[in-house]
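A.B. asks: Would you mind keeping the following structure in view while I ask a few things?
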Amino acid sequence: MNNILMALNVVFPTFIMMSVGVIIKKVKMVDEPSLTVMNRIVFRVFMSLLLFLNIYNIDINEIFNPNNLKLMLLTTSSIFFMFALAYLIYNRMTKDKNKLGVLIQATYRSNLILFGIPLILSVYDESKLGIVLLIITPVVPLLNIMGVIILETYQAKERSYKKLFISVLKNPLIVAFILGLICLTLKVRIPKIVLNTMITMSKVATPLAFVVLGATLKFDNMLNNIKFIAVTNFMKLIIFPIITLSIALYLGFRNEYIVALLGVTASPTSVTSFNTVKEIGGDSKLAAEVVASSSVVSIFTLFLWVYFLRTFNFI
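Read in order, the letters of the sequence shown correspond to residues 1 to 315 in the numbering used here.
Shown next as structure tokens:
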């Protein structure tokens, strides 16, 4: 029963936020043009701010701890492996570039901030939270940068490598990442009153993104993409955690380290992936359906993962 409640505590809030979006669209509080504007604000302002703060708050000393370095190396390596595996699989399933970029990023891009933190708090307490925050340091920027590059690369329209490079550099998430690195490297200290304001604003990113996602969903279209949705959810919620957790357990990781990796690999596809697709270009309907469906399926898969890992005393 505790495992079921834990999974519900982690996943259920996403349904509430998406349901709000469905309702406000149903009662015609928003229309397609206003949703496009809202998504642009989420992507260019709030999510960029959230990414900047993730970089700005990196603790360099913690990163260079040998055990933590090994954990981060495993995490990033597994992400690149899933990217390569997704490319090989989806390249055979479809030649539609609008779908290809969406499916590839949906397979490896996790909702770590939204699910990883509640997950470890549900299993342990705040004293173990540091390991999730440590993983967030390299993973969140990496996921965002890879997502931007992949979607820019797989847009249906042809473009030169020079234009692609310029387009990637101009992306708000990439700009936020670079600014964060500059501030971190030069040890720029943002005044506390400004920093607190930025932190407050960044908290808008995830809930508003889910509301926009819910308002964008068209459930009658899901059957048209059921093959892609099923394969992506299987890859994301089953194959990804099996590969990564097996290696982690073999390397001797246990307890909060395994739960943190569970947040990276077994959490639903990041809602940010939908916002990125809608902003850059691609099949935004498919992106929304993958995020929504993986959020539903993860209720059951997260329960099974936690139950299995606890049964064998890995966590």
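Glycine included, C-beta positions come from ideal geometry on N, C-alpha and C.
1. Put T14 into one of helix, strand or coil per three-state DSSP.
2. Over the uninterrupted alpha helix (DSSP H) stretch that includes A292, give me the two end residues.
3. I want to know whether the segment 66 to 77 touches the segment 32 to 44 - three or more CB-CB distances under 8 Å.
4. Bridge partners of S110, per DSSP?
5. Cα-Cα, which of F312, A106, I242 is closest to S293?
6. Considering just the uninterrupted stretch of the alpha helix (DSSP H) at Y90, what are its terminal residues?
7. Is it buried or exposed for P33, if we count other Cβ within 10 angstroms and need 16 for buried?
8. Does A84 pass the burial test, meaning 16 or more other C-beta atoms within 10 Å, or should it be called exposed?
9. Please report the straight-line C-alpha distance between V231 and L186, rounded to a whole angstrom.
10. Measuring CA to CA, which of I55, D283, S267 is closest to S110?
11. With a CB to CB cut of under 7 Å and the five nearest residues on each side skipped, what residues in its chain are close to L142?
12. At the level of alpha carbons, what is the spacing between M47 and A205?
13. Using only alpha-carbon positions, find the residue among S298, V212, L184, L195 that is nearest to N61.
14. Could you check whether the segment 272 to 286 touches the segment 97 to 105, counting it as contact only if at least three pairs of C-beta atoms, one from each stretch, sit closer than 8 Å?
15. Going residue by residue through the segment 17 to 50, where are the continuous alpha helix (DSSP H) segments of at least 4 residues, counting only ones entirely within it?
16. Whole angstroms are fine: how far does the CA of L74 sit from the CA of K97?
17. Considering only the alpha carbon of each residue, which of M82, T36, V306, K236 lies closest to R254?
18. If you pair each beta-carbon of the segment 186 to 205 with each one of the segment 10 to 23, do three or more pairs fall below 8 Å?
19. May I have the straight-line CA-CA distance separating I166 from V259, to the nearest angstrom?
20. Going by beta-carbon coordinates alone, are M17 and V211 separated by less than 8 Å?
21. Counting along the chain, where does the alpha helix (DSSP H) carrying I60 start and finish?
22. Starting from L181 and walking both ways along the alpha helix (DSSP H), at which residues does that stretch end?
C.D. replies: The short version:
1. DSSP places T14 in helix when its eight states are reduced to three.
2. For A292, the enclosing alpha helix (DSSP H) stretches over residues 284 to 311.
3. When C-beta atoms of the segment 66 to 77 are compared with those of the segment 32 to 44, fewer than three pairs fall below 8 Å, so the two segments do not count as touching.
4. DSSP lists T269 as partners of S110.
5. Closest in alpha carbon position to S293, among F312, A106, I242, is A106.
6. First-last of the alpha helix (DSSP H) with Y90: 66 to 93.
7. Around the C-beta of P33, fewer than 16 other C-beta atoms lie within 10 Å, and the residue is accordingly described as exposed.
8. With fewer than 16 other CB atoms across the displayed protein chains lying within 10 angstroms of its CB, A84 is exposed.
9. V231 and L186 have their C-alpha atoms roughly 44 Å apart.
10. Answer by Cα proximity: S267.
11. Its chain contains T76, I79 as the residues whose beta carbon lies nearer than 7 Å to that of L142, once the 5 sequence neighbours on both sides are disregarded; these appear in chain order.
12. Here the C-alpha atom of M47 lies approximately 5 Å from the C-alpha atom of A205.
13. Comparing Cα positions, the closest option is L184.
14. The segment 97 to 105 and the segment 272 to 286 touch, with three or more beta-carbon pairs separated by less than 8 Å.
15. As far as the segment 17 to 50 is concerned, its whole alpha helix (DSSP H) runs of at least 4 residues are 32 to 41.
16. Going by the C-alpha atoms only, they are around 30 Å apart.
17. Here the closest residue by C-alpha is V306.
18. When C-beta atoms of the segment 186 to 205 are compared with those of the segment 10 to 23, fewer than three pairs fall below 8 Å, so the two segments do not count as touching.
19. In a straight line, the C-alpha of I166 is about 38 Å away from that of V259.
20. The Cβ atoms of M17 and V211 lie closer than 8 Å to each other.
21. Taken as a continuous stretch (DSSP letters only), the alpha helix (DSSP H) holding I60 covers 60 to 63.
22. Per DSSP, the unbroken alpha helix (DSSP H) holding L181 starts and ends at 172 to 185.
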